[in-house]
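Protein chains: 2
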Amino acid sequence: MSDERTAMAALSDPAERLALALTQGGLQRMTARVLAALLFTEQETMTAGEIAETLGISSGSVSTSVKALTGVGLIERVPAPGSRREHFRLPEGAWATLMSGQNMMVKTMSDAAEQGIATTGEESIAGRRLTEMRDFYDYLWRELPALIDRWRSTKTEQS
Amino acid sequence: MSDERTAMAALSDPAERLALALTQGGLQRMTARVLAALLFTEQETMTAGEIAETLGISSGSVSTSVKALTGVGLIERVPAPGSRREHFRLPEGAWATLMSGQNMMVKTMSDAAEQGIATTGEESIAGRRLTEMRDFYDYLWRELPALIDRWRSTKTEQS
DNA sequence: TCGAGATTTCAGAGATCTCCGAACATTGGG
DNA sequence: CCCAATGTTCGGAGATCTCTGAAATCTCGA
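Protein chains in written order, with this note's numbering: chain D, 1 to 159; chain L, 160 to 318.
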C-alpha cells in the first residue's frame with residue numbers, strides 16, 4: 001500500500017508509542033519523537049540531519065526540539081569526534097533528570113497551596129483543605145529526591 | 160471601577176494561580192479552575208450552579224469538567240443533604256489520588272521501554288539504553304506506592 | 001578568506017483544542 | 001401527572017498551537 005518510506009528509516013512502532021507516552025508527560029509531539037529516535041537508534045549518536053531524515057520532519061523542527069531537549073538536559077551535544085557538525089545523544093541518567101523536572105511541579109503545587117493559606121488562614125474551611133494539600137506536596141518534595149538518590153546508589157553498586 | 164462582579168464571587172488570585180499550576184499537570188483550563196473553586200470555597204460543598212457562577216463559565220463547561228474530575232476521583236458527588244440537586248466536594252486524600260494518576264504514566268513509560276527491548280534485544284546499543292530506562296521506571300513503579308502509603312500512615316497517627 | 005554544507009530563526013498555513021450556548025433529557029415537588 | 005428547575009450533550013466559532021519552508025546566519029575546511 002502507499003508506502004512513502006523511500007530512503008528514510010522511520011521510527012519503529014514501539015518508538016512511536018513511546019513518543020506518544022512522552023507527549024502525555026508534557027513534551028511536544030515532535031520533541032517527543034526526537035527523543036524516541038535518539039533512544040531507539042542503533043548508533044551511539046545522531047546528527048540533526050539524521051534525525052530529520054529518520055522522522056521525516058523539517059530541519060527547523062529538529063532544531064527547535066533539540067533546543068528544548070538540551071535545555072532540560074534530556075539530550076546532550078557531543079563534541080563531534082570526526083568531521084561533521086553536531087552530534088546528539090541521551091546522557092547518562094536522562095530519566096532521573098526528567099523525573100526531577102516533574103518534581104518542580106510538586107514544588108509549584110506546594111507553593112500555590114501555601115499562598116492560598118496565606119490569604120485564608122489555616123483554620124478556615126478552605127484553609128484546612130489547603131493545609132492538607134500543602135502538607136502532602138511538601139512531603140513529596142522532601143522525599144522524592146531521596147528516592148532518586150537511592151536509585152542512583154543501587155545502580156552504582158551493581159556496576 | 161468597571162467591576163463586573165455583580166453577584167458572582169470570582170476566584171481569588173491564588174486560586175487562579177493554582178489552577179494554572181494544575182494546567183501544567185495535564186488538566187484542562189476549565190477543569191483546573193473548577194477544582195480550584197472547590198478547593199478555595201469556604202463552603203463544605205458547592206453545587207454545579209454555584210461553581211458556574213463563581214467562575215463565570217457556562218453550565219455546560221461545568222458539567223464536562225465535573226464529569227472529568229469525578230472520573231479520576233478528584234472530586235465526589237455528595238448525596239445531597241437537603242433539597243437541591245448535586246453537591247460536590249474534594250474527597251479525603253484527593254492529592255494522593257492525583258499522584259496515583261501520575262504513576263500510571265510511570266507504568267506506561269516502563270511498558271514502552273519493555274516493548275522496545277522486545278524488538279531490539281537487551282544487548283544492542285538501543286537495547287542498553289532502553290534497559291536503563293525500563294529499570295528506572297520499574298523502580299519508581301515499585302517505590303512510589305510505598306512512598307504514598309507512608310504518607311497515609313503518618314497522617315493517620317497524627318490524628 | 002571563501003565557499004559549501006549545516007543550523008537557526010521566523011512568518012504563516014493548517015490542524016487542533018476549548019468553550020459557549022442552545023437543544024434535549026432528567027428529576028423532584030406540587 | 002405535569003411543570004419548573006437542574007443537568008447533559010453537542011455543533012461550531014474562535015483562539016491556540018504546531019510544523020513547515022525558506023531566508024538568514026554560522027562554521028569548518030581548503
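We treat Cβ as the ideally placed atom computed from N, Cα and C, and that holds for glycine.
- request: Along the beta strand (DSSP E) that carries Arg236/L, what are the first and last residues, could you check?
  value: Glu235 to Val237
How far does the beta strand (DSSP E) with Arg248/L in it reach, from first residue to last?
His246 to Arg248 is the extent of the beta strand (DSSP E) around Arg248/L.
| request: Identify whether Thr204/L lies in helix, strand or coil by the three-state DSSP scheme. | output: coil
_Reference Pro304/L, options Thr290/L, Glu251/L and Ala255/L, closest by Cα_ = Ala255/L
Checklist line | Nonlocal neighbours in the same chain, by C-beta distance under 6 Å from Ala126/D, ignoring five residues either side | finding: Thr120
Check: So what's Glu316/L in DSSP terms, helix, strand or just coil?
Finding: helix
- Message: Short of 9 Å Cβ to Cβ, which residues in the region 130 to 156 of chain D face chain L?
- Response: Correct list: Leu130, Glu132, Met133, Asp135, Phe136, Tyr137, Tyr139, Leu140, Glu143, Leu144, Leu147, Ile148, Arg150, Trp151, Thr154 and Lys155.
| Roughly how many whole angstroms lie between the Cα atoms of Gln28/D and Gln183/L? | 13 Å
> Of all the options Arg287/L, Arg176/L, Leu228/L and Phe247/L, which has the alpha carbon lying nearest to the alpha carbon of Gln202/L?
Replying inline: Phe247/L
*Grab the span of the alpha helix (DSSP H) containing Ile117/D for me, first residue to last.*
Ala94 to Thr120
In chain order, what residues of the same chain lie with their CB nearer than 6 Å to the CB of Ser59/D, ignoring the 5 residues before and after it?
-> A distance below 6 Å between beta-carbons, with the five flanking residues on each side excluded, links Ser59/D to the following residues of its chain, in chain order: Ala52.
Q) In chain D, what lies closer than 8 Å to Ala174/L by C-beta? A) Gly116
**OP:** For Ser2/D, I'd like the list of residues in its chain whose CB is within less than 7 Å of its CB, leaving aside the five on either flank, ordered along the chain.
**Re:** Caution applies to Ser2/D, whose pLDDT of 35 falls short of 50 and renders its modelled position unreliable; the value that the coordinates give is listed next. So the list is empty, once near-sequence residues are dropped.
So with CB distances below 8 Å, who are the chain D contacts of Ile284/L? Thr41, Glu42, Gln43 and Glu44
Return yes when the Cβ of Leu197/L is within less than 7 Å of the Cβ of Met189/L, no when it is not.
It is not a contact, given that the beta carbons lie outside the stated cut-off.
Contact set for Ala195/L: own chain, Cβ-Cβ below 8 Å, skip 5 residues either direction: Leu170, Ala174, Glu175, Leu177, Ala178 and Leu181
Ser269/L beta carbon less than 7 Å from that of Trp310/L: no
Point to revise | Exposure label - Gly215/L; buried when at least 16 CB within 10 Å | key: By the 10 Å Cβ count, Gly215/L comes out exposed.
- Query: What does Thr64/D touch in chain L if you count any residue whose Cβ is under 8 Å from its own?
  - Reply: Per Cβ cutoff of 8 Å: no residues; Thr64/D is ~20 Å from chain L at best.
Exercise for the section: Please check if any C-beta of chain L sits within less than 7 Å of the C-beta of Gln24/D. Expected result: Chain L contact via Cβ: present.
inquiry  = With a threshold of 7 Å between beta carbons, is Met264/L in contact with chain D?
reply    = yes
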